[in-house]
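Residue numbers for the sequence shown follow this note's numbering, beginning at 222 and rising by one. All residues carry an ideal CB built from backbone N, CA and C; glycine is no exception.
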Amino acid sequence: EKGWITREQGVERALRTLNSFESGLVEGEKGFYMHWVNWKTGKGVWDREISSIDTALLIAGAIFTGEYFGGEIKTLADQLYQKIDWEWMTNGRTTLSMGYKKDESFIEDRWGDRFDEGLLATLLAMGSPTHPISPDAWDDIDRSVKHKNPYTGETHTALADETLFVYQFPLIYFDLRNTRDEDGIDYFENAVRACIYNRDYTMKTNSSRYGVYGEVWGLSAEDKPFGGYHAYGARDDNHDGTIAPYASIAALPFIPEEAMASVKAMINRFPKVYGEYGFHAGFNVT
């Protein structure tokens with residue numbers, strides 16, 4: 222629709238990607254795939270971790286793509302989803318393990334120990350047509366952390382580190398508008414409040430560091446200025462002047478006006494942050 226690629230190119234790329242997983246070219250186990258992959262060989266690298274959340278992101282994207290294109294792409298997406306043995310990833314408990322170290326053991330940390338992007342994996346696991354996990358997994362997610370925005374007075378269920386993507390990613394794939402669970406949480410509204418909290422923290426609470434750059438905001442996980450990775454967030458001990466462009470871009474479904482203002486401000490104030498393939502992973506304003 223936007224003219225960036227043709228429909229035929231989109232179909233070809235989707236089929237090539239999904240066939241790489243369906244054929245076994247990409248290393249995995251019980252329908253799950255590696256956190257880090259050598260894309261020349263398809264083999265896992267570094268700590269050879271089978272990742273439940275990266276598999277969930279893959280499958281969510283595959284299902285979305287299948288719904289858009291239909292046909293063989295939808296068939297492949299459904300096959301990949303049905304292969305996943307979510308029960309195995311619980312390792313005998315209700316919630317999902319974050320992963321499995323190949324030929325070693327399950328990771329002790331679980332999607333449920335805190336409120337985060339694991340919502341996506343849990344929803345997919347509960348809805349599996351072949352290997353569903355118990356709905357108790359949803360109830361067992363820790364929702365005890367609450368943060369209040371001093372500027373709006375609104376409270377949201379939170380991740381302590383306030384890394385913004387954890388609120389956004391699950392709701393990119395699941396439309397939970399006007400949907401509440403037994404705890405009374407409206408997850409879409411919760412994400413709206415988390416986005417506003419991140420923006421207000423960046424532009425108001427830390428105006429001396431960020432405020433001079435106008436509408437630029439977005440504290441989330443990204444590359445660090447001198448190498449490495451850090452899950453930055455709207456907390457006093459968890460930021461160093463590094464902005465993640467995708468954080469405000471991913472806020473478009475939740476707070477469109479504020480998000481678009483940030484996108485435009487980044488391009489106008491820091492034009493080098495937009496490269497050949499779009500926005501860079503991050504940039505530091507200090």
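Cβ-Cβ distances below 8 Å link residue 411 to 377, 378 and 388 in the same chain, with the five nearest sequence neighbours on each side left out; the list follows chain order. Separation of residue 416 and residue 385 (C-alpha to C-alpha, rounded to the nearest whole angstrom) is 7 Å. By the neighbour-count criterion, in which a residue is buried when 16 or more other Cβ atoms sit within 10 angstroms of its Cβ, residue 260 is exposed. Relative to the Cα of residue 295, the nearest Cα in the group 240, 227, 435 and 451 belongs to 240.
The alpha helix (DSSP H) runs of length 4 or more contained entirely in the region 267-337 are, from start to end of the chain, 273-290, 292-304 and 307-311. Excluding sequence positions up to five before and after residue 471, its CB lies within less than 6 Å of the CB of 389, all in the same chain and listed in chain order.
Spatial neighbours of residue 425 in its own chain (CB-CB distance under 8 Å, excluding positions within 5 residues in sequence) are listed in chain order as 372 and 432. Under the three-state reduction of DSSP, residue 452 is assigned to strand.
For the pair of segments examined, the region 267-274 was found to touch the region 305-323: the number of CB pairs separated by less than 8 Å reaches three.
Under the DSSP assignment, residue 378 falls in the beta strand (DSSP E) whose first and last residues are 376-378. Taken atom to atom, the span from the alpha-carbon of residue 251 to that of residue 490 is near 47 Å. When C-alpha distances from residue 329 are compared across 234, 422 and 273, the shortest belongs to 273. No Cβ-Cβ contact shorter than 7 Å links residue 437 with residue 468. The C-alpha of residue 368 lies about 43 Å from the C-alpha of residue 232. By the criterion of at least three beta-carbon pairs nearer than 8 Å, the region 302-309 is in contact with the region 350-361. Residue 395 sits away from residue 473, with the two beta carbons spaced by 7 Å or more.
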